[in-house]
Amino acid sequence: MGRDPGTRAEVQSWQLGYTRVLRLVGELDAVTVPDLRLTLDEAITSDDPSLVVDLTQVTFIASAGVGVLVELRVRVSEHDGRLIVVLPRVGRARRMFEVTRIVDHFEIRETVEDAVRSLRDASDPAQAPVTTELER
555 MGRDPGTRAE
565 VQSWQLGYTR
575 VLRLVGELDA
585 VTVPDLRLTL
595 DEAITSDDPS
605 LVVDLTQVTF
615 IASAGVGVLV
625 ELRVRVSEHD
635 GRLIVVLPRV
645 GRARRMFEVT
655 RIVDHFEIRE
665 TVEDAVRSLR
675 DASDPAQAPV
685 TTELER
């Protein structure tokens, strides 16, 4: 079964509270990655470099697509941010992450809501654990 050469990728972007969410739709391959790279670069801001990238609507991911996500992870980390990738439990994107063994190098959640909650909880001082030293 061949891929349709006219298929394109799309990036849907929105804010959920203070979190920037990017949903990638379609195919991530050598044809679509250059435009995707520009969009992802623009998404990293110095104010809040943390991102959620939702891959649940990705229908195909080639090594070029994996490469751009690895680059994004490095860039977000350089800006002291966090990158959380939303992957369905099964599917082509999950399979590519497992086959290339990069699944362990990304913070993965199964839903956008879980990813956003994870970022919010980590940055909310009210949610942070409190350590109390006890005197003897």
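The sequence shown begins at 555 in this note's numbering and counts up one residue at a time. Note that beta-carbon positions come from the ideal geometry of N, C-alpha and C, so glycine has one too. Remember, predicted model here, so these are calculated numbers, not experimental data.
Beta strand (DSSP E) segments (min. 3 residues) lying fully within the segment 594-677: 605-615, 637-640, 661-663
7 Å CB neighbourhood of Arg-648 in its chain, flanking five on each side removed: In the sequence shown, residue 648 corresponds to position 94, counting from 1. Contacts found: Leu-641, Pro-642.
Arg-562 (DSSP reduced to helix, strand or coil): By 1-based counting over the sequence shown, the position of residue 562 is 8. Coil at Arg-562, not helix or strand.
For Val-579, three-class secondary structure by DSSP: Along the sequence shown, read from residue 1 onward, the residue named residue 579 stands at position 25. Under the three-state reduction of DSSP, Val-579 is assigned to strand.
Beta-ladder partner(s) of Thr-573, from DSSP: For the purposes of this step, residue 573 is taken as residue 19 along the sequence shown, with counting starting at 1. Beta-bridge pairing links Thr-573 to Leu-570.
Nearest-angstrom beta carbon gap, Ala-597 and Gly-580 [assumed within contact, 8 Å]: Your numbering for residue 580 matches position 26 in the sequence shown. Your numbering for residue 597 matches position 43 in the sequence shown. The Cβ separation is near 17 Å, so there is no contact.
Outcome for Val-653 when other beta-carbon atoms lying within 10 angstroms are tallied against a minimum of 16: Locating residue 653 in the sequence shown gives position 99, where the first residue counts as 1. It counts as exposed.
For Val-587, three-class secondary structure by DSSP: Indexing the sequence shown from 1 puts residue 587 at position 33. Of the three classes helix, strand and coil, the one that applies to Val-587 here is helix, per DSSP.
Exposure label - Val-504; buried when at least 16 CB within 10 Å: Residue 504 lies beyond the range of the chain shown here (555 to 690); nothing can be said about it.
C-beta atoms of Leu-637 and Ile-615 nearer than 7 Å: Along the sequence shown, one-based indexing puts residue 637 at 83. Along the sequence shown, one-based indexing puts residue 615 at 61. No, the pair does not count as a contact, with Cβ atoms beyond the cut-off.
Distance between beta carbons of Asp-608 and Val-666, contact taken as under 8 Å: Taking the sequence shown and counting its residues from 1, one reaches residue 666 at position 112. Taking the sequence shown and counting its residues from 1, one reaches residue 608 at position 54. So it is a contact: roughly 5 Å between Cβ atoms.
Val-565 vs Thr-593 beta-carbon contact at 7 Å: In the sequence shown, the residue the question calls residue 565 occupies position 11. In the sequence shown, the residue the question calls residue 593 occupies position 39. Between Val-565 and Thr-593, the CB-CB gap stays under 7 Å.
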